[in-house]
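As structure tokens, the structure follows; a few thoughts come after it.
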Amino acid sequence: MVFSILRRRSMTLIAIGGAEDKEGAMTVHRRVLDESHGARSRVCVITSATAEPAAAKERYEAVYKKLGVEDCTVLHIDSRAMANSDAVAAVLEKADVVFFTGGDQMRLTQAMAGTRAFDVIAEKYAAGALVIAGTSAGAAAASSLMVCGGDPEKSMQKGEVQMTAGFGLLQGAVIDTHFSERNRLPRLFNAVATHPATLGIGVDEDTAAVLRKGGIIEIVGSGTVTFVDGRGIERCNMADVERGEVFEAAGFRVDKLPAGARYDLKTRRPS
Numbered sequence: 015m016v017f018s019i020l021r022r023r024s025m026t027l028i029a030i031g032g033a034e035d036k037e038g039a040m041t042v043h044r045r046v047l048d049e050s051h052g053a054r055s056r057v058c059v060i061t062s063a064t065a066e067p068a069a070a071k072e073r074y075e076a077v078y079k080k081l082g083v084e085d086c087t088v089l090h091i092d093s094r095a096m097a098n099s100d101a102v103a104a105v106l107e108k109a110d111v112v113f114f115t116g117g118d119q120m121r122l123t124q125a126m127a128g129t130r131a132f133d134v135i136a137e138k139y140a141a142g143a144l145v146i147a148g149t150s151a152g153a154a155a156a157s158s159l160m161v162c163g164g165d166p167e168k169s170m171q172k173g174e175v176q177m178t179a180g181f182g183l184l185q186g187a188v189i190d191t192h193f194s195e196r197n198r199l200p201r202l203f204n205a206v207a208t209h210p211a212t213l214g215i216g217v218d219e220d221t222a223a224v225l226r227k228g229g230i231i232e233i234v235g236s237g238t239v240t241f242v243d244g245r246g247i248e249r250c251n252m253a254d255v256e257r258g259e260v261f262e263a264a265g266f267r268v269d270k271l272p273a274g275a276r277y278d279l280k281t282r283r284p285s
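Residue 15 is where the sequence shown starts when you use the numbering used here, and the numbers rise one by one after that.
What follows is the structure, given as structure tokens:
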């Protein structure tokens, strides 16, 4: 599969695994700004995924103030009516960076997918006029396939990882977050075994997968990013076992890359 994002080289998508440093070196947040206009960037933080928007607003306003950003707007888009409003569209039209916070990815996509607000974001992104970053739920929602629930203790059982459509900013992929910290490799195996053509991308906390320029992902931050390619699966009995039964799958290719490493989406190999 050739990823649709490869058709436009100027787009930048930054998927963050959650719990990014907000007080020390803030490497990940600095990189978000560096991909745009640095401290001169007009940042729009969207808190729609969280159930505690006031706390998220305070947290991210403080982050970007520390980094010297003077133009930071926080939007809590909690209804589709708001997402279709002129006021929200006007804010997004002016933004250089859109940052989606963590929370519940279903809350985020239900509020924004298919709305005027998301259309503005997608159009600016496609034109290379917008950097999109998301952390935790905000990153999980970015891919075409989105993990939205399930019992972590049953991740290797058929039907126990719930998936739905994400925003589709990155086609042909599923992004998972808090990856090593919450032992989510089995969950990504399940997602990829169910959708073998889909590339699994697991991002650790305080770590970002920075996708830009021709489909090359660069790893930034203190952890790693794990890539699960299911195209070479040799055998899988997912279709034969009953829901709730443990499935068998063999032949995944798994690459685990630290900061500074790069991964080519076109070849699905480290570069």
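All C-beta atoms in this analysis are idealised placements derived from N, C-alpha and C, irrespective of residue type, glycine included.
Problem set entry | One or two residues paired with Q185 in a DSSP bridge | Position 171 of the sequence shown, counted from the start, is the residue given in the question as residue 185. Its beta-bridge partners do not exist; DSSP assigns none.
Exercise. Considering only C-alpha positions, which residue in the set S158, A155, A222, E107 is nearest to I30?
Worked result: Working through the sequence shown from its first residue, we reach residue 30 at position 16. If we check each option's Cα against that of I30, A222 comes out closest.
Problem set entry | Sequence-distant residues of the same chain with beta carbon closer than 6 Å to G82, five excluded per side | If you number the sequence shown from 1, residue 82 lands on position 68. Result list for G82: A53, in chain order.
Exercise. To which residues of the same chain is F193 closer than 7 Å at the C-beta, ignoring the five residues directly before and after it?
Worked result: For the purposes of this step, residue 193 is taken as the residue at position 179 of the sequence shown. If we look at F193 and ignore the five residues flanking it on each side, its Cβ neighbours are G31, G216, V217, D218, T240.
Problem set entry | Burial state of N197, where buried means 16 or more other Cβ atoms lie within 10 Å | Counting from 1 along the sequence shown, the entry for residue 197 is found at position 183. Its Cβ having fewer than 16 others within 10 Å, N197 is exposed.
For this session: Pull up the distance between the alpha-carbon of I247 and that of D254, whole angstroms please.
Result: As a working mapping, residue 247 is identified with position 233 in the sequence shown. As a working mapping, residue 254 is identified with position 240 in the sequence shown. So the two alpha carbons sit approximately 16 Å from each other.
For this session: Please work out which residues of its chain come closer than 6 Å, Cβ to Cβ, to V188, disregarding the five sequence neighbours upstream and downstream, and give them in chain order.
Result: Locating residue 188 in the sequence shown gives position 174, counting from the first residue. Counting only Cβ-Cβ distances below 6 Å, and skipping sequence neighbours, we find S157, L159, A205, T212, G214.
For this session: Please determine, among S50, S285, D190, the residue with the shortest C-alpha to C-alpha distance to A275.
Result: In the sequence shown, residue 275 corresponds to position 261, counting from 1. Checked all of S50, S285, D190; the closest Cα to A275 is S285.
Problem set entry | Distance, R226 Cα to G152 Cα | Your numbering for residue 152 matches position 138 in the sequence shown. Your numbering for residue 226 matches position 212 in the sequence shown. When rounded, the distance between both Cα atoms is 18 Å.
Exercise. DSSP beta-bridge partners for T240?
Worked result: Walking along the sequence shown from the start, residue 240 turns up at place 226. Answer is G216, K270.
Exercise. Looking at C-beta atoms only, is the number of pairs between the stretch 107–115 and the stretch 37–54 that lie closer than 8 Å three or more?
Worked result: yes
Problem set entry | Identified DSSP bridge partners for F114 | Counting from one through the sequence shown, the residue named residue 114 turns up at place 100. Paired residues: I60, G148.
For this session: Identify which residue in M177, P166, D165, E34 has its Cα closest to the Cα of G116.
Result: Counting from 1 along the sequence shown, the entry for residue 116 is found at position 102. The candidate whose alpha carbon is nearest that of G116 is E34.
Exercise. How big is the Cα-Cα spacing for I233 and T41?
Worked result: For the purposes of this step, residue 233 is taken as the residue at position 219 of the sequence shown. For the purposes of this step, residue 41 is taken as the residue at position 27 of the sequence shown. Cα-Cα distance, rounded: 11 Å.
Exercise. Mind checking G148: buried by the 16 CB within 10 Å criterion, or exposed?
Worked result: By one-based count along the sequence shown, residue 148 stands at place 134. G148 comes out buried.
For this session: List the DSSP bridge partners of P284.
Result: Translated into positions along the sequence shown, residue 284 becomes position 270. Answer is Y277, bridged to P284.
Problem set entry | N- and C-terminal bounds of the beta strand (DSSP E) containing Q171 | Here the question's residue 171 lines up with position 157 in the sequence shown. Segment: none, Q171 is in no beta strand (DSSP E) and carries neither H nor E.
Exercise. What's the gap between the Cα of K270 and the Cα of F181?
Worked result: If you number the sequence shown from 1, residue 270 lands on position 256. If you number the sequence shown from 1, residue 181 lands on position 167. Between K270 and F181, the C-alpha separation is close to 25 Å.
Problem set entry | Buried versus exposed, by CB contacts within 10 Å (16 or more), K138 | Here residue 138 refers to the residue found at position 124 of the sequence shown. Under this definition K138 is a buried residue.
For this session: In angstroms with no decimal places, state the Cα-to-Cα distance between E75 and E37.
Result: Mapped onto the sequence shown, residue 75 falls at position 61. Mapped onto the sequence shown, residue 37 falls at position 23. The straight-line gap from Cα to Cα measures roughly 12 Å.
Problem set entry | Three-state secondary structure (DSSP) of D190 | On the sequence shown, position 176 is the one that residue 190 refers to. Of the three classes helix, strand and coil, the one that applies to D190 here is strand, per DSSP.
Exercise. For the beta strand (DSSP E) that contains A107, what are its first and last residues?
Worked result: Counting from one through the sequence shown, the residue named residue 107 turns up at place 93. Correcting the residue identity first, residue 107 is Glu in this sequence and not Ala. Note, E107: premise wrong, no beta strand (DSSP E); alpha helix (DSSP H) at 100–108.
Problem set entry | Complete beta strand (DSSP E) runs within the stretch 34–90 (minimum length 3 residues, chain order) | 57–60, 86–89
Exercise. Three-state secondary structure (DSSP) at I28?
Worked result: Here residue 28 corresponds to residue number 14 of the sequence shown, with the count starting at 1. I28 falls in the strand class under three-state DSSP.
For this session: Assign R257 to one of two classes, buried (16 or more other C-beta atoms within 10 Å of its C-beta) or exposed (fewer than that).
Result: Sequence index remark: in the sequence shown, residue 257 carries index 243 (1-based). Exposed, by the Cβ-count rule.
For this session: Quick one: residues in its chain with C-beta nearer than 7 Å to the C-beta of T191, no 5 flanking neighbours on either side, listed in chain order?
Result: What you label residue 191 is simply residue 177 of the sequence shown in a count that begins at 1. Same-chain partners within the cutoff: G31, G32, S150, A153, A154, V217.
Exercise. Count the other CB atoms within 10 Å of the CB of T281; is the residue buried (16 or more) or exposed (fewer)?
Worked result: Your numbering for residue 281 matches position 267 in the sequence shown. That one is exposed.
Exercise. D100: which of M120, T123, A131 sits nearest, CA to CA?
Worked result: Here residue 100 is taken as the residue at index 86 of the sequence shown, counted from 1. If we check each option's Cα against that of D100, A131 comes out closest.
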